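**Student:** Residue numbers (the working numbering): 1 to 312. C-beta: ideal position from N, C-alpha, C; glycine also. Every value quoted in this text rests on a predicted model; they were computed, and no experiment measured them.
(1) Between which two residues does the beta strand (DSSP E) harbouring residue 161 extend?
(2) Tell me whether residue 157 is buried or exposed, calling it buried when 16 or more other Cβ atoms sit within 10 Å of its Cβ.
(3) Is the segment 203-218 touching the segment 127-136, taking contact as three or more C-beta pairs under 8 angstroms?
(4) Quick one: what's got a C-beta closer than 6 angstroms to residue 301's C-beta in the same chain, skipping five residues either side?
(5) Given a cut-off of 8 angstroms, decide if residue 260 and residue 295 are closer than it, judged by their beta-carbon atoms.
(6) When DSSP labels each residue in this structure, what does residue 79 get in the three-state scheme?
(7) Does residue 94 come out as helix, strand or coil in the three-state DSSP assignment?
(8) Quick one: give me the first and last residue of the beta strand (DSSP E) that residue 256 is part of.
(9) Would residue 117 and residue 76 be called neighbours here (beta carbons separated by less than 8 angstroms)?
(10) To test your reading of the DSSP string, which unbroken beta strand (DSSP E) runs of 3 or more residues are found completely within the segment 124-204?
(11) On the criterion of 16 or more Cβ atoms from any shown chain inside 10 Å, does residue 270 qualify as buried, or is it exposed?
(12) On the three-pair Cβ rule with 8 angstroms, is the segment 165-181 touching the segment 98-110?
(13) Using a Cβ-Cβ cutoff of less than 7 angstroms, which residues in the same chain neighbour residue 167 once the five nearest sequence positions on both sides are dropped?
(14) Whole angstroms is fine: what's the gap from residue 234's alpha carbon to residue 213's?
(15) Three-state secondary structure (DSSP) at residue 113?
(16) Assuming residue 55 and residue 74 make a contact with CB atoms under 8 angstroms, what is their CB distance in whole Å?
(17) Go through its chain and collect everything with a Cβ distance to residue 198's Cβ below 7 angstroms, but skip five positions before and after it.
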């Protein structure tokens with residue numbers, strides 16, 4: 001009988017030690033797990049809303065004068081916020097809250113945006129206005145009508161939105177060979193030469209987009225020499241003569257002809273000597289126009305007039 005009571009007490013102790021209730025574990029439950037289960041409403045709200053869920057950024061990240069900057073927001077609507085643009089940390093007025101035109105800024109300025117909500121302010125990153133490269137605004141090879149004795153040069157204008165002084169760099173070539181680095185070409189040219197010039201603007205910090213002009217030298221017309229001291233008409237009272245002088249830049253063989261002249265006047269085709277036996281008792285004004293031709297489409301024309309009286 002005493003042995004039976006002992007086994008009953010031992011069995012009762014074993015059953016009590018195997019009870020499924022574990023109230024002590026509730027005291028060690030992690031706050032994050034309780035919030036996830038809805039035990040604490042405050043903890044649940046804090047887990048869902050955090051500052052890292054809001055952001056404001058400016059695009060494009062590379063800004064220049066003349067750029068239009070826009071905002072990209074995350075976690076809120078721009079319409080729900082008061083937007084303020086800052087230039088060098090100072091508020092400025094923008095026509096559209098979500099955009100900012102950098103035309104009124106200058107190189108080196110910093111631009112930032114601020115969004116103000118009911119319970120917080122959100123700042124964007126800072127964008128710095130960079131140097132804008134210069135551009136070629138006008139360019140052409142001069143003179144437009146090339147003639148003997150002329151020198152080719154470039155009429156060019158550069159502009160810079162930052163107000164920087166623009167220098168122009170020149171690179172000439174003739175038939176593929178270097179021909180100078182100045183405003184004007186540095187070598188003689190003739191018919192058939194292929195000319196190219198590369199013009200590059202530079203604002204002291206960066207080189208703008210180069211501009212290349214190509215041209216082929218066409219036939220150069222002959223040039224009539226005018227020398228009033230040595231080239232004078234000759235008249236002996238009966239016969240008139242005048243020697244036309246001309247040169248050709250392309251060394252073409254020249255021919256001479258009369259366009260308008262009094263009856264009987266002639267010009268030697270290869271030498272340019274004008275001769276005229278003046279009619280008897282002639283008195284009055286004479287007009288003459290002659291042409292010099294190079295055989296390649298080039299012509300030079302000149303007119304002169306004189307008065308004379310025969311002595312016969």
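**Tutor:** Taking the definition as stated:
(1) For the purposes of this step, residue 161 is identified with residue 161 of the chain shown, where counting begins at 1. Boundaries for residue 161: no beta strand (DSSP E) harbours it, and the DSSP string shows neither H nor E there.
(2) Sequence index remark: in the chain shown, residue 157 carries index 157 (1-based). Exposed is the call here.
(3) yes
(4) Here residue 301 is taken as the residue at index 301 of the chain shown, counted from 1. Counting only Cβ-Cβ distances below 6 angstroms, and skipping sequence neighbours, we find 291.
(5) To locate residue 295, count along the chain shown from 1; it is residue 295. To locate residue 260, count along the chain shown from 1; it is residue 260. Not in contact: residue 295 and residue 260 (Cβ atoms no closer than 8 angstroms).
(6) Locating residue 79 in the chain shown gives position 79, counting from the first residue. In the structure shown, residue 79 sits in a helix (DSSP, three-state: H, G or I).
(7) The residue given as residue 94 occupies position 94 in the chain shown. Coil at residue 94, not helix or strand.
(8) Here residue 256 refers to the residue found at position 256 when the chain shown is read from its first residue. Taken as a continuous stretch (DSSP letters only), the beta strand (DSSP E) holding residue 256 covers 255-260.
(9) Translated into positions along the chain shown, residue 117 becomes position 117. Translated into positions along the chain shown, residue 76 becomes position 76. Going by beta carbons, residue 117 and residue 76 fall inside the 8 angstroms limit.
(10) Counting only runs of 3 or more, we get 127-130, 135-142, 153-159, 167-174 and 194-202.
(11) As a first step, residue 270 must be located in the chain shown, where it is residue number 270. Classification of residue 270: exposed, given that the 10 Å Cβ count is below 16.
(12) Cβ pair count under 8 angstroms is below three, so no.
(13) Position 167 of the chain shown, counted from the start, is the residue given in the question as residue 167. Excluding positions up to five away in sequence, the list reads 202.
(14) Here residue 234 is taken as the residue at index 234 of the chain shown, counted from 1. Here residue 213 is taken as the residue at index 213 of the chain shown, counted from 1. Taking the straight line joining both Cα atoms gives about 49 angstroms.
(15) Looking up residue 113 in the chain shown gives position 113. In the structure shown, residue 113 sits in a strand (DSSP, three-state: E or B).
(16) The sequence position of residue 55 within the chain shown is 55, counting from 1. The sequence position of residue 74 within the chain shown is 74, counting from 1. Rounded, the Cβ-Cβ distance is 4 angstroms, consistent with contact.
(17) As a first step, residue 198 must be located in the chain shown, where it is residue number 198. Once the five neighbours on either side are set aside, the close Cβ partners of residue 198 are 171, 210 and 212.
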